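Quick notes on the structure that follows.
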Amino acid sequence: MARLVAVCGATGNQGGSVAKLLLQYPDLYRVRALTRDPQSAAAQKLADLGAEVVKADLTVPSDLKSALRGCWGVFGVTNFYDPNIKDDPGSEEHQGKNLVDAALDNAVECFVWSTLPSSEKISGGRLISRVYEGKHHVDGYILEKGLPATFLFTGNFYENLVYRSHMTYDRERDIVEFHQPIIKETTPLAMLYVQKDLSAVTKAVFDNWDARKDELNHQYLYVANARVTPRDILASVKELTGKDGTYNVLPTTGVPDRDVMFQIYNDTGMYGSKELPDENIAKLGVEMHGIDDFVRDMLAPHLGLPLL
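Each residue of the sequence shown is one higher than the one before, counting from 1 in the UniProt record's numbering.
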């Protein structure tokens, strides 16, 4: 019998990637797509693909208890671009803990949590971002409560080049413009192609849970393919489209906690000397994708540029 998996943020980048991949395997998984707006176009598209779309707000514990009823698995994520979190970064921790409590109440057997390390720890106490700390505190809560879970340390999303309009093509000047707050052009960033790889790693955890639970339970998986600089990204665009590019550092994201987060990337990076891709992901049979894949699949079409 197919197992029921609740997917948080199912109309967003992370949750959407997981929901759409699991929906391709109806013999293995049934998808309950959680969203605050079941009437949105993205939610309706998931319904058309076979998902059960359920209204759920992570700030409302009663929503979550009923939304997770009967679920074997959960993909959990909070979104620091959410207006509720933008206005109150501490809300991210509360939302995550609400989700954990609901999973415990419903005896969820496999909880996959998208998270980040402690900014305080990786910066030696110099830089503290509540965006990082909120997710990290949820990790601790999961461990404290003994919820069966795997932690996914995510990289920086290639998709933000498109969704956050970091990169555009100036047709009149025939040049690609790359605008990004805080981050230097030589800063190595642990990068992740969410649509291809976050979804694949999450499914691999679900697929392998029964056979490898002792190994996967409370394990951290580093979901990033490689460390890539903004300069490297422009080089890939040049190689695949023939277009030159410029890089411009913007002074701020407009949100202090995000500014701190981006400064961490410049100063210390996210994951120290951890080798990428993570050998433990390779053991799950997942082959990660890189910048050239993203440029071919998404970025060049977004910019309106043909491939050479």
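For each residue, glycine too, the CB sits at the ideal point set by N, CA and C.
Please read all numbers here as calculations on a predicted model, not as lab measurements.
Residue nearest to residue i in terms of C-alpha spacing, selected from the options
i, options, result
"residue 271", "283, 22, 166 and 132", "132"
"residue 108", "211, 6 and 11", "6"
"residue 124", "280, 269 and 243", "269"
"residue 54", "228, 60 and 38", "38"
"residue 312", "15, 25, 156 and 241", "The structure shown does not extend to residue 312, since the chain is modelled only from 1 through 308, so no value can be given for it."
"residue 238", "274, 169 and 255", "169"
"residue 243", "278, 63 and 303", "303"
"residue 234", "186, 96 and 281", "186"
"residue 273", "97, 301, 60 and 226", "226"
"residue 236", "207, 88, 97 and 293", "293"
"residue 276", "45, 188, 200 and 202", "188"
"residue 58", "166, 36 and 291", "36"
"residue 291", "200, 230, 42 and 253", "230"
"residue 140", "42, 156 and 116", "116"
Check whether residue i and residue j have beta carbons under 8 Å apart
i, j, result
"residue 190", "residue 284", "no"
"residue 76", "residue 112", "yes"
"residue 309", "residue 246", "Nothing about residue 309 can be reported from this structure: the residues present for the chain run from 1 to 308 only."
"residue 47", "residue 31", "no"
"residue 67", "residue 23", "no"
"residue 114", "residue 154", "yes"
"residue 308", "residue 198", "no"
"residue 263", "residue 182", "yes"
"residue 138", "residue 162", "no"
"residue 266", "residue 196", "no"
"residue 255", "residue 127", "no"
"residue 72", "residue 4", "yes"
Straight-line gap, residue i to residue j (C-alpha atoms, nearest Å)
i, j, result
"residue 110", "residue 213", "9 Å"
"residue 224", "residue 232", "16 Å"
"residue 215", "residue 146", "15 Å"
"residue 175", "residue 289", "26 Å"
"residue 219", "residue 74", "16 Å"
"residue 29", "residue 19", "10 Å"
"residue 151", "residue 93", "15 Å"
"residue 179", "residue 105", "45 Å"
"residue 251", "residue 228", "21 Å"
"residue 296", "residue 286", "20 Å"
"residue 325", "residue 70", "Absent from the structure is residue 325, since the part of the chain shown begins at 1 and ends at 308."
"residue 8", "residue 78", "8 Å"
"residue 217", "residue 298", "34 Å"
"residue 207", "residue 121", "32 Å"
"residue 134", "residue 142", "13 Å"
"residue 301", "residue 166", "15 Å"
"residue 45", "residue 202", "21 Å"
"residue 42", "residue 253", "27 Å"
"residue 172", "residue 211", "57 Å"
"residue 136", "residue 88", "16 Å"
Cβ separation of residue i and residue j, assumed to be a contact under 8 Å, to the nearest whole Å
i, j, result
"residue 10", "residue 65", "Not really, about 18 Å apart at Cβ, beyond 8 Å."
"residue 40", "residue 194", "Between residue 194 and residue 40 the Cβ distance is about 19 Å, and since that is not below 8 Å, they are no contact."
"residue 257", "residue 130", "5 Å"
"residue 159", "residue 13", "6 Å"
"residue 221", "residue 281", "6 Å"
"residue 61", "residue 98", "5 Å"
Could I get the ranges of all uninterrupted alpha helix (DSSP H) runs contained in the region 102–151, with 4 residues as the minimum, in chain order? 119–122 and 130–145
Suppose only complete runs of 4+ residues qualify. What are the alpha helix (DSSP H) ranges in the region 235–302, listed by chain order? 256–267, 279–283 and 291–294
Segments assigned alpha helix (DSSP H), at least 4 residues, entirely inside the region 162–246: 199–216 and 230–241
Counting only runs that start and end within the region 15–52, where is the beta strand (DSSP E) found for 3 or more residues in a row? 29–35
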